[in-house]
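Those protein sequence lines, which keep their order, are chains A and B.
Counting from 1, one number per residue, gives the positions in the first sequence under my numbering.
Counting from 295, one number per residue, gives the positions in the second sequence under my numbering.
From the three backbone atoms N, C-alpha and C, an ideal C-beta is built for every residue, glycine too.
All figures in this text were calculated on a predicted structure; none of them were measured in a lab.
Data first, discussion second: the structure below is written as structure tokens.
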Amino acid sequence: MKAAEFDYVRVASVEAACRALAEAGGDGKILAGGQTLVPMLAMRLLRPTLLVDVNRVASLQVIVAGGGEIVIGAGTRQSDALADEIVRRDLPLLAKALGFVGHVQTRNRGTVGGSIANADPAAEIALAALALDCEIVAQSVRGVRTIPIARFFQGAMTTALAADECLVELHFPAAPSGGGRGCGFHEVASRHSDFALAAAAVQLALDGEGACRSVAIAVGGVGGAPLRIDAATERLRGTTLAAEDLAAAAAIVREVVEPASDLHASADYRRRVAGALVERALLDARSEALAGRN
Amino acid sequence: MSQHEITFTVNGESQSATVAARLTLVDFLRDALRLTGTHAGCEHGVCGACSVLLDGVPVRSCLTLAVQADGSEIVTVEGLAPEPGTLGILQDSFWETHALQCGFCTSGMLIASHALLAANASPTEDEIREAIGGNLCRCTGYKQIVDAIALAAERLRGSNLPAKEAADDER
Numbered sequence: 001m002k003a004a005e006f007d008y009v010r011v012a013s014v015e016a017a018c019r020a021l022a023e024a025g026g027d028g029k030i031l032a033g034g035q036t037l038v039p040m041l042a043m044r045l046l047r048p049t050l051l052v053d054v055n056r057v058a059s060l061q062v063i064v065a066g067g068g069e070i071v072i073g074a075g076t077r078q079s080d081a082l083a084d085e086i087v088r089r090d091l092p093l094l095a096k097a098l099g100f101v102g103h104v105q106t107r108n109r110g111t112v113g114g115s116i117a118n119a120d121p122a123a124e125i126a127l128a129a130l131a132l133d134c135e136i137v138a139q140s141v142r143g144v145r146t147i148p149i150a151r152f153f154q155g156a157m158t159t160a161l162a163a164d165e166c167l168v169e170l171h172f173p174a175a176p177s178g179g180g181r182g183c184g185f186h187e188v189a190s191r192h193s194d195f196a197l198a199a200a201a202v203q204l205a206l207d208g209e210g211a212c213r214s215v216a217i218a219v220g221g222v223g224g225a226p227l228r229i230d231a232a233t234e235r236l237r238g239t240t241l242a243a244e245d246l247a248a249a250a251a252i253v254r255e256v257v258e259p260a261s262d263l264h265a266s267a268d269y270r271r272r273v274a275g276a277l278v279e280r281a282l283l284d285a286r287s288e289a290l291a292g293r294n
Numbered sequence: 295m296s297q298h299e300i301t302f303t304v305n306g307e308s309q310s311a312t313v314a315a316r317l318t319l320v321d322f323l324r325d326a327l328r329l330t331g332t333h334a335g336c337e338h339g340v341c342g343a344c345s346v347l348l349d350g351v352p353v354r355s356c357l358t359l360a361v362q363a364d365g366s367e368i369v370t371v372e373g374l375a376p377e378p379g380t381l382g383i384l385q386d387s388f389w390e391t392h393a394l395q396c397g398f399c400t401s402g403m404l405i406a407s408h409a410l411l412a413a414n415a416s417p418t419e420d421e422i423r424e425a426i427g428g429n430l431c432r433c434t435g436y437k438q439i440v441d442a443i444a445l446a447a448e449r450l451r452g453s454n455l456p457a458k459e460a461a462d463d464e465r
């Protein structure tokens, strides 16, 4: 299994990457971690004429917190993000999700932005980013633009990025401050670290009385793109997340999702599992919030 | 198709070559350098047989282009032995616990477990299984491989003891 021929250029800046993509006229591809791109080249599912290697663009590999948000450079290795103090403290949901991504060897190369740009419907990073309402910064020779994640995923392996755009940064709102915050991430996969048959991400905050101040719920693997379940969010806000509230939220999830059947699992199985995983993620998040942990 | 001049270190020796953009690191190591201890299994990032250390961390060499390794330090399974024809403590532990049958996955298993033990001297069984989670073995059922890594961890910890204590441990 060998890739077809292509040209390769290693760039030292985002501007140079954008120029190279523009000159390739739509046939260029950014090479970041390469953990999905290189297999697709080997299987000849993709035949770009040019690979633009951004692995040595230092500005793409930063994690900074400030001004109410956390900015992760798109080229940050998944293993670096997983070990990062800021991510563990301020984006605990992303940290939980990263533990499910691939294997040690693929996390050492794979990037946070690469997973989002690839937009696999079952990818954990994309799911956490959707639940956390992140904003995506993309750059091209035409300029820089910010895309809300709710408009970024357009279907399986399809995003709002144009062929000449380079994903540059992910801006995450800082988690709700103070105590009473919790998150949960659960998935079912045939083996740990495989893509999820279904996955659920939850982040919430409780007030002093234990009532739900805010909650975000998203599910993955059960449609062409990860999906926020805002109806379940509405149902839970203001409640104490009692058993009947969680059961009602799970019922909403089962109603809303439109999974497909494939070799690995039936649509019905995925629907039921998605509901159960949301319930488990909510339970985890509530326990964490009640324990006053971050 | 672009051609590129690259220079990198493999098992401590500097290597220079001109490579085509599409050449993968595993093919370069095996075909150009004849370091055939690194195995090309699935060639699309699933099996882990091609694992090598790139600047100290385990990666899949079938998912890394040779041109991307320019300027970096590579260690292959050949670089794990103290000298040619001998076995390191980790390799000897694989032998002792029968952690290989056909041997195809072994070089990748050794690289993955070497990286684990370099970072964590006393891994739990879960940590060992996590570390080799990206490496497929179709013979052993993994049990003996996990045993081998645990044994190697124990021996490596022991090898760091002063000589007298190590000798006392023996008795």
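Query                                                                                                                             : Result
Coil, strand or helix - GLY73/A by DSSP                                                                                           : strand
Short CB-CB distance (under 9 Å) between ARG465/B and chain A                                                                     : The predicted position of ARG465/B is uncertain, since its pLDDT is 43 and thus under 50; no value can be drawn from it.
Environment of LEU445/B [buried if 16+ CB atoms lie within 10 Å]                                                                  : buried
Member of GLN35/A, MET40/A and ILE72/A whose CA lies at the smallest distance from the CA of MET1/A                               : MET40/A
Cα-Cα separation between GLN309/B and LEU323/B, rounded to whole angstroms                                                        : 11 Å
Min CB distance VAL440/B to chain A below 9 Å                                                                                     : no
Inter-stretch contact (C-beta, 8 Å, three-pair minimum) for the region 364 to 382 of chain B and the region 409 to 422 of chain B : no
Contact belief for ILE125/A with LEU93/A at Cβ below 8 Å, rounded distance in angstroms                                           : Actually they do not touch by this definition, with Cβ atoms about 11 Å apart.
Close Cβ partners of GLY26/A (< 6 Å) along its chain, the five nearest in sequence each way excluded                              : ALA163
Per-residue contacts from LEU327/B into chain A (C-beta, under 9 Å)                                                               : Ordered by position in chain A, no residue passes the 9 Å Cβ test against LEU327/B, which lies about 18 Å from the chain.
Contact check, CYS341/B vs LEU394/B, beta carbons under 9 Å                                                                       : no
For PHE172/A and THR36/A, the rounded distance between their alpha carbons                                                        : 24 Å
Cβ pair count under 8 Å reaching 3, the region 297 to 316 of chain B against the region 216 to 228 of chain A                     : no
Min CB distance ASN55/A to chain B below 9 Å                                                                                      : yes
Contacting residues, own chain, Cβ-Cβ under 6 Å from ALA231/A (five flanking each side not counted)                               : ILE252
Proximity winner among ARG142/A, ALA74/A, LEU204/A and THR106/A, relative to LEU21/A (alpha-carbon distances)                     : ARG142/A
Three-state secondary structure (DSSP) of LYS96/A                                                                                 : helix
Proximal residues to LEU317/B (C-beta, below 6 Å), its chain only, five neighbours per side dropped                               : ALA360
Whole-angstrom distance between GLU209/A and GLN105/A, CA atom to CA atom                                                         : 45 Å
Distance between beta carbons of SER401/B and VAL371/B, contact taken as under 8 Å                                                : 4 Å
Chain A contact for ALA461/B (CB, 9 Å cutoff)                                                                                     : Only weak support exists for where ALA461/B lies, its pLDDT of 49 falling under 50; the coordinates are left without a value.
Beta-carbon proximity check, LEU170/A vs CYS212/A, cutoff 9 Å                                                                     : no
Proximal residues to TRP389/B (C-beta, below 8 Å), its chain only, five neighbours per side dropped                               : LEU381
Start and end residues, beta strand (DSSP E) containing GLY183/A                                                                  : Gly is not the amino acid found at residue 183/A; the sequence shown has Cys there. Element bounds for CYS183/A: 181 to 188.
For ALA406/B and THR358/B, the rounded distance between their alpha carbons                                                       : 16 Å
First and last residue of the uninterrupted beta strand (DSSP E) at ASP7/A                                                        : 7 to 10
Proximal residues of chain B, C-beta to C-beta of ALA42/A below 7 Å                                                               : GLU337 and HIS338
Under the three-state DSSP convention, the category ALA158/A falls into                                                           : The residue asked about is misnamed: residue 158/A is Thr in this sequence, not Ala. Note: THR158/A maps to strand in three-state DSSP.
Boundaries of the beta strand (DSSP E) in which SER214/A is found, first to last residue                                          : 212 to 220
Per-residue contacts from SER345/B into chain A (C-beta, under 8 Å)                                                               : GLN105
Extent of the continuous beta strand (DSSP E) to which LEU170/A belongs                                                           : 166 to 173
Sub-9 Å separation of SER13/A and SER79/A beta-carbons                                                                            : no
Per-residue contacts from VAL351/B into chain A (C-beta, under 7 Å)                                                               : ASN108
Reduced DSSP category for HIS298/B - H, G, I as helix; E, B as strand; rest coil                                                  : strand
Which listed residue (SER345/B, ASN414/B and ILE426/B) has its alpha carbon closest to that of THR330/B                           : SER345/B
Straight-line Cα distance separating ALA447/B from VAL256/A                                                                       : 49 Å
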